[in-house]
Every structure is written in C-alpha cells, then in structure tokens.
Amino acid sequence: MLCLLFLVLAPLAAGAQTVMVYVSGTNHSDPYLLSAVEAGIMDSFFDAGIIVFNAGTYDRVSDSDMQRHYWVRNTARQGGATHAVEVDVDLTVSSSDRTSFDGASFRLVRVEPASVLGTGRVQASEIGARPGTAADQVGFQIGMAIARSALSRM
Numbered sequence: 083m084l085c086l087l088f089l090v091l092a093p094l095a096a097g098a099q100t101v102m103v104y105v106s107g108t109n110h111s112d113p114y115l116l117s118a119v120e121a122g123i124m125d126s127f128f129d130a131g132i133i134v135f136n137a138g139t140y141d142r143v144s145d146s147d148m149q150r151h152y153w154v155r156n157t158a159r160q161g162g163a164t165h166a167v168e169v170d171v172d173l174t175v176s177s178s179d180r181t182s183f184d185g186a187s188f189r190l191v192r193v194e195p196a197s198v199l200g201t202g203r204v205q206a207s208e209i210g211a212r213p214g215t216a217a218d219q220v221g222f223q224i225g226m227a228i229a230r231s232a233l234s235r236m
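Throughout the sequence shown, residue numbering follows the working numbering, covering 83 to 236 in sequence.
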C-alpha cells in the first residue's frame, strides 16, 4: 500500500516548484535580523504551496557578484531547487549600537536553464511599519514583500 502511494505521489512532487533562499548582509551581518528576512520569505513561499529551503548560511559567500551568483545557483541545483532567491540586506548600526534595516535587494533565478527572472529592491520605509516597530518584525515584513514580488515573476 505504501509503495502504491509513493508511486502515485512521487511524479507529482517531481514537477513541484522548489525554491532555495540565500540571505546575506551587504555591509553588516546580524544573523538574528537576517533570519527574520529569511523567515518572511520562506513563510510566504510555503503558504503559496511552494517547497522552500534555505542555503544554510548567512555568511557573504563572496564580494564578487559573479562568484556569489554562481555559488547560489550551484547550491540551489545541488539541493534540487528549480529557483533561487538571492537577497542582499542593507543594515545600519546607529551610534547607540542599534541595528536597523535600510532595505534589501533581491534576485530571482531559474536554476535550469539558468536565467534571471527578475530583480528588485524593497526599502524599509516602503513597507508601512509603524515607528518603534521591532527590527525583527520589520525584517519579516521586508521578507514577505520580497516573496510577493518574486512569486509574481515565477
């Protein structure tokens, strides 16, 4: 019975869209805040019925765009993803050591055949967060906005 169920469901899963999410900081890295952006993206994709996983690191793989883009696509392909979302988060640290978001740039890639489906930027000031909103909540909202934009291009 279990074998029959597997034989029926396996072809359906094979055609499913799968997305890898890679988030890194461009000028400052705060894993907690970067994970908030990632969570917003992943929750939105999951809610849309898309299989989603992360790259497993918040470290900036390379300062070279070409090397970073290659790493993202290769890692996504090895993980079985059909698409990848690469996000560069701009964080600011105030004189009082408080970290906040400026915004985030993203790039949506089809893994095979390789192509860029879209790029964009979400400014923290554009998401409608109230003054005093916790930084992690702002990050989550930025992630959701990125996912909405990416989903419209898939």
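Idealized CB from N, CA, C, for every residue including glycine. As the structure is a prediction and not an experimental result, all values here were calculated from the model.
Reference residue 192; option with closest CA among 179, 115, 156, 110
156
May I have a chain-ordered list of the alpha helix (DSSP H) segments no shorter than 4 residues that lie completely inside the region 93-136?
113-129
Does the Cβ of residue 173 have 16 or more other Cβ atoms within 10 Å, making it buried, or fewer, making it exposed?
buried
Under three-state DSSP, which class holds residue 144?
coil
For residue 93, collect the residues of the same chain with a Cβ closer than 7 Å to its Cβ; drop the 5 residues on either side in sequence, then sort them by chain order.
Reliability of the predicted coordinates at residue 93 is poor, the pLDDT of 43 falling under 50, and no value is obtained from them.
If we call anything under 9 Å between Cβ atoms a contact, is residue 190 one with residue 201?
yes
Cβ neighbours of residue 90 in the same chain (closer than 8 Å, five flanking residues each side left out):
Any reading at residue 90 is ruled out, since the residue's pLDDT is 41, under 50, leaving its predicted position unreliable.
Residue 163 beta carbon less than 9 Å from that of residue 105
no
Is it buried or exposed, residue 114, if we count other Cβ atoms within 10 angstroms and call 16 or more buried?
exposed
Closest residue to residue 195 among 209, 166, 148 (Cα-Cα distance):
166
C-alpha gap between residue 236 and residue 154, whole angstroms:
17 Å
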